[in-house]
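Everything in the sequence shown is counted per our numbering, starting at 1 for the first residue and increasing by one.
Just so you know, even glycine gets a beta-carbon here, dropped at the ideal spot from N, CA and C.
Please read all numbers here as calculations on a predicted model, not as lab measurements.
Written below as structure tokens is the structure these notes are about.
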Amino acid sequence: MSAAASDSVPLKLVNSVDLPKYSGDFDHFAADVSGNRLFLAAEDHGTLEVFDLKSTKWLRTIQGFDVPHSILYLPSSRRLFVTDGGEGMSKVLNSSDLQILKKVPLVPGADSLVFDPQRHQAFVVTGGKDVKMKESVLSVIDTTDFSKKADLKFDSAHVEGMALESHGRRMFVNVTDHNEIDVVDRDSMKIVDRWPLQDVGENSPMILDEPNHRLFIVCRKPAKLVVVDTETGKQIGAWDTAGHSDGMAFDPAHKRIYVPGAEGYIAVYQQKDADHYELIAKVPTARGAKTCLLVPELNRLYVAVSPGEGKYGARVLAFETLP
């Protein structure tokens, strides 16, 4: 591990699980904390991989997907909702036996997902360049019955990460090929503002620090962590980060941001206050390690190593988050 500006060790590797039969890319995780299960979308394998959450031991493979991307676990209804980017049919599973119960017809290319627990709504990005569409569509899914309630079209072939307010009605959307953040009113499902990003491109993952009115965004060209004020839409600053990241995590308890990059490390930042951030460590991982999930109940950060990036072999890494 290299420490950029501090002698502290923010992450400790506690488990590494090899997946020798897997090829291609992984995408996103979800956790069932009470059931001690970790789910991972194996997008290029067309499967959902299931692990023991505490030991990271691989448990089983779930078939029946085309290109799975994002996973939403709903403990109250014991359901899993998996966005499936290929055939336009995302899947609802019984979380007990992991059998597919329902297929949800959406525009092809279903990918990123964000959940509003107060409204019981999932927002799913569909369409775009991966399915040879010139526009993207944001679909609203009622998670009580998994019916589609609304669509919002974007004049963009590449829409990525999203974040939404818990104490407001706005959501923020990375419109990647326009190098901007679109602000959506969730009541009217209309775009109410557009915030262009300066001197960066390919904005992809996004997380909201709502109490501090800050958006954290990872851009790929160049590789930067960008912080935006959600009250003004202005950039606060940009910091060098790990290249080709497809996910990030914010740990409000430790005031840390974790950015895994496919070039082989996790960039760890300390939030000093709303406007000041420090790169405190570059934690080694492996080539292709670009998505992650923070499980604060266990003080664990899980990272998926995609063999499609560097041909180093598929793995899931589990790190303990340290003070």
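Where the beta strand (DSSP E) through residue i begins and ends
| i | result |
| --- | --- |
| ALA289 | 289-295 |
| GLU263 | Unbroken run through GLU263: none, as it is neither H nor E. |
| SER70 | 68-74 |
| LEU98 | It is not in any beta strand (DSSP E) - LEU98 carries neither H nor E in the DSSP assignment. |
| PRO196 | 190-196 |
| GLN63 | Neither: GLN63 is in no beta strand (DSSP E) and is coded neither H nor E. |
| GLN121 | 121-127 |
| LEU322 | Unbroken run through LEU322: none, as it is neither H nor E. |
| SER46 | One point to set straight first is that residue 46 is Gly, not Ser, in the sequence displayed. Careful: GLY46 lies outside any beta strand (DSSP E) and carries neither H nor E. |
| ILE153 | First, the amino acid is wrong: residue 153 is Lys here, not Ile. Element bounds for LYS153: 147-154. |
| THR143 | It is not in any beta strand (DSSP E) - THR143 carries neither H nor E in the DSSP assignment. |
Other residues of its chain near residue i: CB distance less than 6 Å, five sequence neighbours each side excluded
| i | result |
| --- | --- |
| LYS129 | ALA157, HIS158 |
| LYS153 | GLU135, VAL137 |
7 Å CB neighbourhood of residue i in its chain, flanking five on each side removed
| i | result |
| --- | --- |
| VAL259 | VAL218, LEU225, THR241, ALA242, SER245, MET248, ILE266, ALA267 |
Alpha-carbon spacing of residue i relative to residue j, whole angstroms
| i | j | result |
| --- | --- | --- |
| ARG194 | ALA274 | 22 Å |
| LEU53 | GLY24 | 23 Å |
| VAL114 | GLY261 | 21 Å |
| ASP145 | PHE123 | 14 Å |
| PRO196 | LYS21 | 42 Å |
| ASP116 | ARG170 | 11 Å |
| VAL283 | SER204 | 21 Å |
| LEU215 | PRO307 | 30 Å |
For residue i, the residue or residues it bridges with in DSSP
| i | result |
| --- | --- |
| TYR22 | According to DSSP, which records beta bridges pairwise, TYR22 is partnered with nothing at all. |
| HIS276 | ASP273 |
| ALA223 | ARG220 |
| LEU164 | MET171 |
| MET206 | ILE217 |
| PRO105 | MET89 |
| ARG186 | DSSP output for ARG186 lists no bridge partner at all. |
Same chain, Cβ closer than 8 Å to residue i, five either side skipped, listed in chain order
| i | result |
| --- | --- |
| TYR277 | LEU225, VAL227, GLY237, TRP239, ILE257, TYR269, GLN270, GLN271 |
| GLU297 | VAL33 |
| LYS57 | VAL17, PHE51 |
Per-residue burial, residue i [other beta carbons within 10 Å of its own, 16 or more giving buried]
| i | result |
| --- | --- |
| LYS91 | buried |
| SER6 | Confidence is the limiting factor: at SER6 the pLDDT is only 46, short of 50, which leaves the residue's position unreliable, though a coordinate-based value still follows. Its Cβ having fewer than 16 others within 10 Å, SER6 is exposed. |
| THR232 | exposed |
| VAL82 | buried |
| ARG315 | buried |
| LYS221 | exposed |
Check: residue i C-beta below 7 Å from any heavy atom of the ligand MN
| i | result |
| --- | --- |
| ARG287 | Only the bare structure without any ligand can be found here, which leaves the ligand MN out of the picture. |
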